[in-house]
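Protein chains in written order, with the numbering used here: chain A, 1 to 386; chain B, 1001 to 1386.
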């Protein structure tokens, strides 16, 4: 059964001390209802993505759906590390595609600024193989991606300025996106001279964590055609996993779960990378965007740096990537990120993106690529318009 | 698309200090592979249910699937409080029924004995509306169910000995189940004289928390018929939610999400309560089993106590319930419980249950009823044999 995106909503990402997690989720939910013309009574299921270790409620899916007026709709909380939002999209999709309901919501939310930074970093840092890598070697998240960055540099001659160029692009588009957190333009020099975090990654190579929410309403084809004149169809889905322990990976210059998940999604959609008008990739660190170019087949392995050097991933380039600012400029409220990607692609395919950052839509497809951990999991979703 | 259970595995529930969470999950997984003749290479997806706040790994789905040899299979962790196991069953079902894969596993596991009891109780106690009920009134889980028990007593004249009778039945069947934790028979007098926890609930009215795992492999009809001669079909599914805040409920002598979820499942399966050969219900406290009799339509509202008084829910009664000992005697390793219920119903419908506790299967249907929190969510699954 074909399933379409019929409603989207996005809360402002940032330090949202003005709201609690339930209120933050409601902001996105409300906008998705307004966008679709639907109400809570139309929902058949709600997949809530949130890691939820950063705030007081131990059953956040329950308080979030209760506060959002969704009782007695069935719900689940799902987690696939930083890919949780896409996991929610997949769960809502399968709920509809299997015929269990006609309409379902994927609701991603995270509130991470209530705990102090060392706690947050420890919690994220533990997102490897805790007993082996964290407890013994003290590896935290920037360290993991620094290993991948130095691996890529050693293998392909990638330069620190290539990494920096990704940050420059994404900050540029963040400055044009009303929902983004970081809105200032930066330069390659600024990135290179920002404080080192874990060589070769500097402060401005890292995405910020913050608070945010995004909601996506999915409907069966029959319902979707009644709800909207511009349904955006889910055409391909893929997901794969890998080892928690990074030293068990095949190499340190690619993410295998990305490659596998993208391959599945392309096959299901019956298209290839050249059919995409735009891509959202998981740029938790600048190196992650370059890895994603290659792993998702936007260019051959090792040629990611060329893509950013040539400006091919700008909105008017050959294959626009992260034209909303990416995780780098929007920030990365973990559970919300995957849903935020679907929000952006839907807006672009509908032709609703802001001036100066709207891509040319002629092929009619967009792809969201969402990595959990350092490739512990990857979820890929391909969307297409009629 | 029809989806069938083709493999089941169950680890021994108890104080499993002999294994870590990955090893515990593997015990159940391995038995499910052996039961089905399948291997990790056959799996298309794995839904892992675990609350996972009680052990060190912050991304348990990743380490569990890696340890189980399942890399690079895609996975998600899901949580719907104590109904997490059934949420995993539903997610694995929809993954197959939507055509995304042919075979998927639901893998429930929890390791709760590594943290000290007050911590566990606090974490479970928070499974209400934290800011209102826990922080202000100090309500913990036995307190919530004590409210429901005293509400039922006030409304229907239910007696403390009716509650005790549930414990007696479930301990009896636990003594016959090799995977159960508590294997001693008890008497009504023993329950009534056990230490009060939250009136009217005594120590022996409460289920123990412990460590455990259970695995269920699901397959599309086409695959299922090739894998096994005794596929057990998933015929009906239902799920509903309710308020986190118990004082916002309509009454305190029923669980609305149970009623709604059961109704959905009956409708999908095209059967009613009289067509069931056996039922697994969520007896986290003895009162919860009586509520479940009524909410799931096994008897009219208020007549639950009669059912247990007359012995109708024993294995040779009119409608056998929790013939494996239930949460009360098996224990309740949260993420595992829902999968354990499907394990038991599958065994009974296949005719594989131990002597002295095997039910007469003539109608061919069984039902699993799994409550999250105090009815924050409920998942119901109806299984049927050919």
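Here a beta-carbon is modelled for each residue, glycine too, at the ideal position from N, C-alpha and C.
Source: prediction; values computed, not measured.
- Contact check for residue 262 (chain A) and residue 11 (chain A): beta-carbon distance about 28 Å, past the 8 Å limit, so the pair fails to qualify.
- Per DSSP, residue 341 (chain A) is one residue of the alpha helix (DSSP H) stretching across 334 to 350.
- DSSP, read as helix, strand or coil, puts residue 31 (chain A) in helix.
- Inclusion of residue 286 (chain A) and residue 362 (chain A) in the CB contact set at 8 Å is not warranted, their separation being larger than that value.
- Separation of residue 177 (chain A) and residue 353 (chain A) (C-alpha to C-alpha, rounded to the nearest whole angstrom) is 9 Å.
- In this structure, residue 326 (chain A) and residue 289 (chain A) form a Cβ contact; the two beta carbons are roughly 7 Å apart against a cut-off of 8 Å.
- For residue 242 (chain A), the neighbours in chain B by C-beta distance under 7 Å run, in chain order, 1071, 1072.
- The alpha-carbon of residue 1382 (chain B) is positioned some 13 Å away from that of residue 1343 (chain B).
- Across the set A:3, A:322, A:62, A:304, the C-alpha of A:62 shows the shortest separation from the C-alpha of residue 49 (chain A).
- Our two residues, residue 1309 (chain B) and residue 1187 (chain B), have alpha carbons roughly 14 Å apart in a direct line.
- Nearest CB-CB separation between residue 1078 (chain B) and chain A: below the 8 Å threshold.
- Chain-order list of chain A residues neighbouring residue 1100 (chain B): 94, 237, by C-beta distance under 7 Å.
- Per DSSP, the beta-bridge partners of residue 1217 (chain B) are B:1007, B:1105.
- The Cβ of residue 184 (chain A) sits no closer than 8 Å to any Cβ of chain B.
- Between residue 131 (chain A) and chain B, the shortest Cβ-Cβ separation is below 8 Å.
- Contact fails between the stretch 362 to 381 of chain A and the stretch 184 to 203 of chain A, because fewer than three Cβ pairs, one in each stretch, are under 8 Å apart.
- At a cut-off of 8 Å between beta-carbon atoms, residue 258 (chain A) makes no contact with chain B.
- Shown here for residue 1269 (chain B): same chain residues with a beta carbon closer than 6 Å to its own, the five before and five after excluded, namely 1235, 1236, 1382 in chain order.
- Annotation for residue 149 (chain A): the continuous alpha helix (DSSP H) segment containing it runs 141 to 156.
- Non-local beta-carbon contacts of residue 317 (chain A) in its own chain, meaning distances under 6 Å to residues more than five positions away in sequence, involve 311 in chain order.
- Between the alpha carbons of residue 51 (chain A) and residue 108 (chain A) lies a gap of roughly 10 Å.
- Residue 203 (chain A) sits in a helix when the DSSP states are folded into three classes.
- Cα atoms of residue 1210 (chain B) and residue 1112 (chain B): separation of roughly 5 Å, rounded to the nearest angstrom.
- The Cβ atoms of residue 4 (chain A) and residue 215 (chain A) do not sit closer than 8 Å to each other.
- DSSP, read as helix, strand or coil, puts residue 1247 (chain B) in helix.
- Listed along the chain, the chain B residues whose CB falls inside 7 Å of the CB of residue 63 (chain A) are 1129, 1244.
- Distance from residue 253 (chain A) to residue 155 (chain A) at the Cβ level is roughly 5 Å; contact confirmed, criterion being Cβ atoms closer than 8 Å.
- Contact between residue 1104 (chain B) and residue 1047 (chain B) holds: CB atoms are separated by about 7 Å, below the 8 Å threshold.
- In the three-state reduction of the DSSP assignment, residue 53 (chain A) falls in the coil class.
- Of all alpha-carbon atoms in B:1244, B:1240, B:1014, the one lying nearest the alpha-carbon of residue 58 (chain A) is that of B:1244.
- Residue-level contact check: residue 1097 (chain B) touches chain A, since one or more beta carbons of chain A fall below 8 Å from its beta carbon.
- Out of B:1083, B:1065, B:1032, the CA that lies nearest to the CA of residue 1337 (chain B) is found in B:1083.
- Around the beta-carbon of residue 199 (chain A), fewer than 16 other beta-carbon atoms lie within 10 Å, marking it exposed.
- Contact with chain A is absent for residue 1222 (chain B), since none of that chain's Cβ atoms lies less than 8 Å from the residue's Cβ.
- Contact annotation: in the stretch 1141 to 1168 of chain B, no residue has its CB less than 7 Å from a CB in chain A.
- Residues of the stretch 1263 to 1276 of chain B with a Cβ closer than 7 Å to any Cβ of chain A: none.
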